[in-house]
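Notes follow once the structure below has been shown.
Numbering (this note's numbering), first residue to last: 5 to 235.
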């Protein structure tokens, strides 16, 4: 009798341990990049369309708008449920996309062997959290602001120059105004610094090294240097 009692205690202990063990926190953003980007364009808004699969934004919008719900609180859970079913068991009858899209891209092959249920759940939840009308509007507004910028500033932002520099404030590197004052209208030292990198040119940098940007084209370096001089 005593042995049976001890056995039951052990079963309860290990069952309790397994119930309280934290579940793995899956990253939907990383997973969608790993599992979906080879076929779907993930940009918001889409930067291009291809002949393999529709952009993920279009997929997300079609599903979110297509599921039937009696109240809005059901929309995302039902959309996630649809994705988990469709990715494993795709069919033309289930698809929300129009016939022209089905003809262009064909029916998605089952991904049952390529993604686990947990991974698919994380991907679907990220989809409907990221691809929203609100986020699309904000992204489009940001694109319009970028288009209105001088090309040099746009390139500086794109290449993360403002991670270490500010227009009128020293941070890791000197401010752009300070650089402009030192070199006046001479672009050459600025262009050399961008292309080759530098160290100890400014005491404010405290020995921090300016990395080289050899990947930039000459005309891109020219545009950045001209923009800096104008500060």
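For every residue, glycine included, the Cβ atom is placed at its ideal position computed from N, Cα and C. Since this is a predicted model, take the numbers as computed values, not measurements.
Query: Return the residue from the list 77, 36 and 79 that minimises the CA-CA distance to residue 60.; Result: 36
Query: For a test of the three-state rule: what should DSSP assign to residue 66, helix, strand or coil?; Result: helix
Query: Are the beta-carbon atoms belonging to residue 44 and residue 57 less than 8 Å from one another?; Result: yes
Query: Are the Cβ atoms of residue 121 and residue 98 separated by less than 8 Å?; Result: no
Query: To the nearest angstrom, how far is it from the Cα of residue 3 to the Cα of residue 142?; Result: It is not possible to answer for residue 3, since the shown part of the chain is limited to 5 through 235.
Query: Locate the alpha helix (DSSP H) running through residue 222, then write down its first and last residues.; Result: 222-233
Query: In this structure, does DSSP put residue 196 in helix, strand or coil?; Result: helix
Query: Report back the beta-carbon spacing between residue 156 and residue 230 to the nearest angstrom; my notes put them in contact at under 8 Å.; Result: 6 Å
Query: Which ranges would you report for the alpha helix (DSSP H) in the region 160-190 if only whole runs of at least 4 residues count?; Result: 180-187
Query: Looking only at its chain, what residues have a beta carbon closer than 6 Å to the beta carbon of residue 200, apart from the 5 residues adjacent to it on each side?; Result: 216
Query: Using 10 angstroms around the beta-carbon of residue 3, count the other beta-carbons present and answer buried if the total reaches 16, otherwise exposed.; Result: Summary: the structure shown does not reach residue 3, with the chain confined to residues 5 through 235, and so no result is reported for it.
Query: Based on the DSSP secondary-structure assignment, which residues constitute the bridge partners of residue 36?; Result: Note: residue 36 sits in no beta bridge, so no partner.
Query: Put residue 112 into one of helix, strand or coil per three-state DSSP.; Result: coil
Query: For the alpha helix (DSSP H) that residue 147 lies in, which residues bound it at each end?; Result: 137-152
Query: Going by the CB atoms, is the gap between residue 187 and residue 48 shorter than 8 Å?; Result: no
Query: To the nearest angstrom, report how far apart residue 185 and residue 173 are at their CA atoms.; Result: 13 Å
Query: How far does the alpha helix (DSSP H) with residue 79 in it reach, from first residue to last?; Result: 79-92
Query: Buried or exposed: residue 63, going by 16 or more other Cβ atoms within 10 Å of its Cβ?; Result: buried
Query: Answer yes if the region 146-160 comes into contact with the region 76-86, meaning at least three C-beta pairs across the two stretches below 8 Å, and no otherwise.; Result: no
Query: Taking the Cβ atom as the reference point for each residue, do residue 225 and residue 203 lie within a distance shorter than 8 Å?; Result: no
Query: Using C-beta distances below 8 Å, list every residue in its chain close to residue 25, excluding the 5 sequence neighbours before and after it, in chain order.; Result: Confidence at residue 25 is low in this model, with a pLDDT of 40, below 50, so its placement is unreliable and the value that follows should be read with caution. Excluding residues within five positions, none has a Cβ falling inside 8 Å.
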